[in-house]
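Engineer: Sharing a structure with you now.
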Amino acid sequence: MKRFSEYREEVFSLINDNDQYIIFNDCKAILNNVDEDIIDIDVADSFDCYDICKRKRPNEENEIIKKANFTTIIHIMRNVNLKIIHVNDQSEAMNLVFDIDEHVKANIMQIYLRIEIPMESVVEINCNEHSNVNYIQFSHAEKEIKEYVNQYLDESSTLSLNTFSFNETKANLMYNTYLYSEKAKAEFCHCVCNISNQEQDYILNVYHLKPYTYSIMKNYGIAKNSSILHIDSNGIIKKGCFKSELSQKSKGIILDLHSAISANPLLQIDEYDVLANHGASIGAIDEDDLYYLMSRGLSKQMSEALIVNAFITPFLNQIHDEKIEMFVKNMIDQKL
Amino acid sequence: MELVIKNLHAKIDNKEILKGVDLTIHTGEMHAIMGPNGTGKSTLSAVIMGNPKYIVTEGSITLDGEDLLSMSVDERSRKGIFLAMQYPNEITGITNSDFIKAAMQARLGENEHVSLFKFIKEMDKAVKDLKMNPDLPHRYINEGFSGGEKKRNEILQMKMLKPHFAILDEIDSGLDVDALKIVGENINGMQSDNFASLIITHYQRLLDYIDVSNVHIMVNGKIVKSGGKELITKVDNEGYDWIKVELGIVDESTNKKEAIILGSCAVNKGAK
Numbered sequence: 006m007k008r009f010s011e012y013r014e015e016v017f018s019l020i021n022d023n024d025q026y027i028i029f030n031d032c033k034a035i036l037n038n039v040d041e042d043i044i045d046i047d048v049a050d051s052f053d054c055y056d057i058c059k060r061k062r063p064n065e066e067n068e069i070i071k072k073a074n075f076t077t078i079i080h081i082m083r084n085v086n087l088k089i090i091h092v093n094d095q096s097e098a099m100n101l102v103f104d105i106d107e108h109v110k111a112n113i114m115q116i117y118l119r120i121e122i123p124m125e126s127v128v129e130i131n132c133n134e135h136s137n138v139n140y141i142q143f144s145h146a147e148k149e150i151k152e153y154v155n156q157y158l159d160e161s162s163t164l165s166l167n168t169f170s171f172n173e174t175k176a177n178l179m180y181n182t183y184l185y186s187e188k189a190k191a192e193f194c195h196c197v198c199n200i201s202n203q204e205q206d207y208i209l210n211v212y213h214l215k216p217y218t219y220s221i222m223k224n225y226g227i228a229k230n231s232s233i234l235h236i237d238s239n240g241i242i243k244k245g246c247f248k249s250e251l252s253q254k255s256k257g258i259i260l261d262l263h264s265a266i267s268a269n270p271l272l273q274i275d276e277y278d279v280l281a282n283h284g285a286s287i288g289a290i291d292e293d294d295l296y297y298l299m300s301r302g303l304s305k306q307m308s309e310a311l312i313v314n315a316f317i318t319p320f321l322n323q324i325h326d327e328k329i330e331m332f333v334k335n336m337i338d339q340k341l
Numbered sequence: 038m039e040l041v042i043k044n045l046h047a048k049i050d051n052k053e054i055l056k057g058v059d060l061t062i063h064t065g066e067m068h069a070i071m072g073p074n075g076t077g078k079s080t081l082s083a084v085i086m087g088n089p090k091y092i093v094t095e096g097s098i099t100l101d102g103e104d105l106l107s108m109s110v111d112e113r114s115r116k117g118i119f120l121a122m123q124y125p126n127e128i129t130g131i132t133n134s135d136f137i138k139a140a141m142q143a144r145l146g147e148n149e150h151v152s153l154f155k156f157i158k159e160m161d162k163a164v165k166d167l168k169m170n171p172d173l174p175h176r177y178i179n180e181g182f183s184g185g186e187k188k189r190n191e192i193l194q195m196k197m198l199k200p201h202f203a204i205l206d207e208i209d210s211g212l213d214v215d216a217l218k219i220v221g222e223n224i225n226g227m228q229s230d231n232f233a234s235l236i237i238t239h240y241q242r243l244l245d246y247i248d249v250s251n252v253h254i255m256v257n258g259k260i261v262k263s264g265g266k267e268l269i270t271k272v273d274n275e276g277y278d279w280i281k282v283e284l285g286i287v288d289e290s291t292n293k294k295e296a297i298i299l300g301s302c303a304v305n306k307g308a309k
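From first to last, the protein sequence lines stand for chains A and B. Add 5 to a position in the first sequence, counting from 1, and you land on the number used in our numbering. Add 37 to a position in the second sequence, counting from 1, and you land on the number used in our numbering.
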């Protein structure tokens, strides 16, 4: 077991002077700098009371919830920019709930900086009426990671969810989005880079449960070092959810002969008066793109790096924090 | 500097396109190549740049005596060859400014760096010269550009990278009259003792704005006639038939056209 002091310098290199932050060590919030009028951090024994949709949780989720024993609840009451950093080398499970009040605008940036033990987590994001949530997550795990991220969107709430998973190990991630009130709107940008030499599964489900709901999802996958990446996106529009819109696009780029990506975008539409589309494209680096860049003097290596970086650009564009952006860029440069 | 092409033969998918091209270009000269469709003009430009889809089967290209054909695409570019492409690629996620800055950096030594101030100043000027949208540097390469914007973007890159030999492959296609004038004037403005261009076009209209020194006509994978500006006027007035007659050329592309059976939708097997 490492003491937090061993991570301290690395963690604080990502924090600016004026940031409101919470630092988790071994799944517990151990340090914070938050205004208590804006953010309330609580720890509860129970978990299910935060499941707005009262859905039946799959067994895997319940097992994680039980294993974690307690739940950290971050209640956001006023507009805020919040940074959360996780380091973990001991605890195996975490439950975390974000509860964003009505009409509140919250920018949440969650960084899994060091995950040095196999870890499982359930994260829930409750976006109450008219809230506007911009959630960014960067995940870098050195040990196996399993994560469920469930988002519940109330009436006229907006969620922009941007994730970049750079896990160097086996990974299973499931994102479930429930648009359970009218005019709820969700936009997703998922970037996944698998260089682990292992298999990673990403399941992304969006449930349109009320009329006039909107979702758009863009997934970008990169596979290298004989790695296998599965990205399954499911868009579900239930009966009666008229005037709903749903779009899902997945793009994958394979950087060596022994890697593989599968992208399966599925739509289950049970209502006529909706707009829905999906698409997926996977392949090696486009030879014509490579030729175009090289024809301007860039070496093959440099051209490939630019094209790969271009895949991650949609995520980087969402980070409005110089330190985090540099951290992510440096990691990409080192590892890719 | 001089670019010398000798007896160049090249093929794609086992089909020979170039059948012995001879051409010499010196810096300070502006060359134009004209010719009917399918005679190998774009193939010539792709082979000079090093497009891997084409295979050179015979002949040579040298740049100041150095073997260009043995160089990779990026080496050719850094040596001063530039190709403004007929159909430039769209690449999402890479901004024009990042791309051009990286290309400029690739031309410098390990310890040299592109001056950001100088780069922005030059880029702003080039964007203004080409009357392009000021947000262009921040947009992804050619993404969402109109045909005309893509062509102007090629010229913008040429202005920024300052090549010695620029090959402009049908840079006039997709341009309206005003854009044609802007592009033509910007190409003409590049004229210097360190710059030469090879302009591939079907029409006279672009050449109205460019002070061309040499004109070549290409038919059936070869340059069959070279001369001065008078050739442009003659082609514009009379097309290419006169040259075929004058030199006794049989146009292979038209000669080979034959009717083929595509197949049938249904087969009548008759009553059993």
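All residues carry an ideal CB built from backbone N, CA and C; glycine is no exception.
From A308(B) to A296(B), what distance separates their C-alpha atoms?
Structural biologist: Looking up residue 308(B) in the second sequence gives position 271. Looking up residue 296(B) in the second sequence gives position 259. Legend: pLDDT at A308(B) = 47, less than 50; position of this residue unreliable, no value from coordinates given.
Engineer: Since E39(B) sits in a beta bridge, which residues does DSSP pair it with?
Structural biologist: Stepping through the second sequence from its first residue, residue 39(B) is reached at position 2. In DSSP, E39(B) forms a bridge with H63(B).
Engineer: Could you tell me if Y277(A) is buried or exposed, where buried requires 16 or more neighbouring beta carbons within 10 angstroms of its beta carbon?
Structural biologist: As a first step, residue 277(A) is located in the first sequence; it is residue number 272 there, counting from the start. That one is exposed.
Engineer: Can you tell me whether K262(B) sits near the ligand HEM, meaning its C-beta is under 7 Å from at least one heavy atom of the ligand?
Structural biologist: For the structure depicted, the ligand HEM is absent and the ligand set is empty, with no information on it obtainable.
Engineer: Excluding the 5 residues preceding and the 5 following V211(A) in the sequence, name in chain order all residues of the same chain whose CB lies nearer than 6 Å to its CB.
Structural biologist: The residue you call residue 211(A) lines up with position 206 of the first sequence. Cβ within range, chain order: T182, S220 and G240.
Engineer: Please check if any C-beta of chain A sits within less than 8 Å of the C-beta of K309(B).
Structural biologist: Along the second sequence, one-based indexing puts residue 309(B) at 272. Note that K309(B) has pLDDT 44, beneath the 50 cutoff, so the model's placement of it is unreliable and the number below is only indicative. Chain A, which has no Cβ nearer than 8 Å to the Cβ of K309(B), makes this no.
Engineer: Looking at the structure shown, is I224(B) part of a helix, part of a strand, or coil, going by DSSP?
Structural biologist: Here residue 224(B) corresponds to residue number 187 of the second sequence, with the count starting at 1. Correct three-state label for I224(B): helix.
Engineer: List, in order along the chain, the chain A residues whose C-beta lies closer than 7 Å to that of G211(B)?
Structural biologist: Taking the first residue of the second sequence as 1, we reach residue 211(B) at position 174. Within chain A, no residue comes near G211(B); the closest Cβ sits about 17 Å away, beyond 7 Å.
Engineer: Compute the distance between the beta-carbons of L178(A) and S170(A), then report whether it is under 8 Å.
Structural biologist: Taking the first sequence and counting its residues from 1, one reaches residue 178(A) at position 173. Taking the first sequence and counting its residues from 1, one reaches residue 170(A) at position 165. Yes, these two residues count as a Cβ contact at 8 Å.
Engineer: Taking 8 Å as the cut-off, decide whether the C-beta atoms of L319(B) and G96(B) are in contact.
Structural biologist: Given a span of 38 to 309 for chain B in the structure shown, any question on residue 319(B) remains unanswerable.
Engineer: Using a Cβ-Cβ distance cut-off of 8 Å, determine whether A140(B) contacts chain A.
Structural biologist: Locating residue 140(B) in the second sequence gives position 103, counting from the first residue. Closer than 8 Å to some Cβ of chain A, the Cβ of A140(B) qualifies, so yes.
Engineer: Counting only the same chain and skipping the five closest in sequence on each side, list residues whose C-beta sits under 6 Å from that of I116(A).
Structural biologist: The count along the first sequence starts at 1 and reaches residue 116(A) at position 111. These residues qualify, in order along the chain: I90 and F143.
Engineer: Taking Cβ-Cβ distances below 8 Å as the criterion, which residues of the stretch 162-183 of chain A are in contact with chain D?
Structural biologist: Checking the listed chains, one finds no chain D in this structure; the protein chains it contains are A and B.
Engineer: Identify the contact partners of A143(B) in chain A, using a Cβ-Cβ distance below 9 Å as the criterion.
Structural biologist: For the purposes of this step, residue 143(B) is identified with residue 106 of the second sequence, where counting begins at 1. Going along chain A in sequence order, the residues near A143(B) (Cβ under 9 Å) are R301, G302, L303, S304 and M307.
Engineer: For T238(B), which beta-bridge partners are listed by DSSP?
Structural biologist: As a first step, residue 238(B) is located in the second sequence; it is residue number 201 there, counting from the start. DSSP lists no partner for T238(B).
Engineer: What are the residues that DSSP puts in a beta bridge with M71(B)?
Structural biologist: Counting from one through the second sequence, the residue named residue 71(B) turns up at place 34. DSSP lists I254(B) as partners of M71(B).
Engineer: Quick one: does L341(A) have its CB under 8 Å from some CB of chain B?
Structural biologist: As a working note, residue 341(A) is residue 336 in the first sequence. Chain B, which has no Cβ nearer than 8 Å to the Cβ of L341(A), makes this no.
Engineer: Going along chain A, which residues have a C-beta under 9 Å from R176(B)?
Structural biologist: Here residue 176(B) corresponds to residue number 139 of the second sequence, with the count starting at 1. By Cβ distance, chain A contributes nothing, its closest Cβ being about 12 Å from R176(B), past 9 Å.
Engineer: Please classify T61(B) as buried or exposed, where buried requires at least 16 other C-beta atoms within 10 Å of its C-beta.
Structural biologist: Indexing the second sequence from 1 puts residue 61(B) at position 24. Answer is exposed; the Cβ neighbour count stays below 16.
Engineer: Interface residues of chain B around F316(A) at Cβ under 8 Å?
Structural biologist: The residue you call residue 316(A) lines up with position 311 of the first sequence. Simply G130.
Engineer: Could you tell me the alpha carbon to alpha carbon distance between D294(A) and C198(A), rounded to whole angstroms?
Structural biologist: Taking the first sequence and counting its residues from 1, the one referred to as residue 294(A) is at position 289. Taking the first sequence and counting its residues from 1, the one referred to as residue 198(A) is at position 193. Straight-line Cα distance between these residues: approximately 20 Å.
Engineer: What does the Cβ neighbour count give for T270(B), buried or exposed, with the cut at 16 atoms within 10 Å?
Structural biologist: Along the second sequence, read from residue 1 onward, the residue named residue 270(B) stands at position 233. With fewer than 16 other Cβ atoms within 10 Å, it is exposed.
Engineer: For the alpha helix (DSSP H) that Q194(B) lies in, which residues bound it at each end?
Structural biologist: Within the second sequence, residue 194(B) is the residue found at index 157, counting from 1. Its alpha helix (DSSP H) spans residues G184 to L198.
Engineer: Taking one C-beta from the stretch 305-316 of chain A and one from the stretch 101-108 of chain A each time, how about it: are there three or more such pairs within less than 8 Å?
Structural biologist: No, the stretch 305-316 of chain A is not in contact with the stretch 101-108 of chain A.
Engineer: Just the Cα atoms here: how many angstroms apart are E103(B) and H201(B)?
Structural biologist: By 1-based counting over the second sequence, the position of residue 103(B) is 66. By 1-based counting over the second sequence, the position of residue 201(B) is 164. Cα-Cα distance, rounded: 15 Å.
Engineer: Look at the alpha carbon of D101(B) and the alpha carbon of G221(B), and state the distance between them as a whole number of angstroms.
Structural biologist: Here residue 101(B) is taken as the residue at index 64 of the second sequence, counted from 1. Here residue 221(B) is taken as the residue at index 184 of the second sequence, counted from 1. The alpha-carbon atoms of D101(B) and G221(B) are separated by roughly 28 Å.
Engineer: Can you tell me which of the three DSSP states V58(B) falls into?
Structural biologist: Within the second sequence, residue 58(B) is the residue found at index 21, counting from 1. Three-state result, V58(B): strand.
Engineer: So what does N86(A) bridge to, in DSSP terms?
Structural biologist: The sequence position of residue 86(A) within the first sequence is 81, counting from 1. Answer is N112(A).
Engineer: Inspect the beta-carbon positions of I92(B) and I204(B) and report whether they are closer than 8 Å.
Structural biologist: Indexing the second sequence from 1 puts residue 92(B) at position 55. Indexing the second sequence from 1 puts residue 204(B) at position 167. Their beta carbons are not under 8 Å apart, which means I92(B) does not touch I204(B) by this criterion.
Engineer: In terms of alpha-carbon separation, which member of R13(A), M82(A) and F75(A) lies closest to E41(A)?
Structural biologist: Counting from one through the first sequence, the residue named residue 41(A) turns up at place 36. Checked all of R13(A), M82(A) and F75(A); the closest Cα to E41(A) is M82(A).
Engineer: So if DSSP puts S198(A) in a beta bridge, which residue, or which two residues, is it bridged to?
Structural biologist: Counting from one through the first sequence, the residue named residue 198(A) turns up at place 193. The identity of residue 198(A) in the sequence shown is Cys, whereas the question assumes Ser. The partner list for C198(A) (beta bridge, DSSP) reads I227(A).
Engineer: Mapping the DSSP letters down to three states, classify M124(A) as helix, strand or coil.
Structural biologist: By one-based count along the first sequence, residue 124(A) stands at place 119. Correct three-state label for M124(A): strand.
Engineer: Would you please verify whether the beta carbon of D294(A) is less than 8 Å from any beta carbon of chain B?
Structural biologist: As a working mapping, residue 294(A) is identified with position 289 in the first sequence. Answer yes: the Cβ-Cβ gap between D294(A) and chain B drops below 8 Å somewhere.
Engineer: Mind listing the chain A neighbours of L120(B)? Cutoff is C-beta to C-beta under 8 Å, in chain order.
Structural biologist: Counting from one through the second sequence, the residue named residue 120(B) turns up at place 83. In chain order: S300.
Engineer: Could you name the residues of the same chain whose beta carbon sits closer than 7 Å to that of Q194(B), not counting the 5 residues immediately before and after it, in chain order?
Structural biologist: What you label residue 194(B) is simply residue 157 of the second sequence in a count that begins at 1. Closer than 7 Å at the Cβ level, and outside the excluded window around Q194(B), lie I137.
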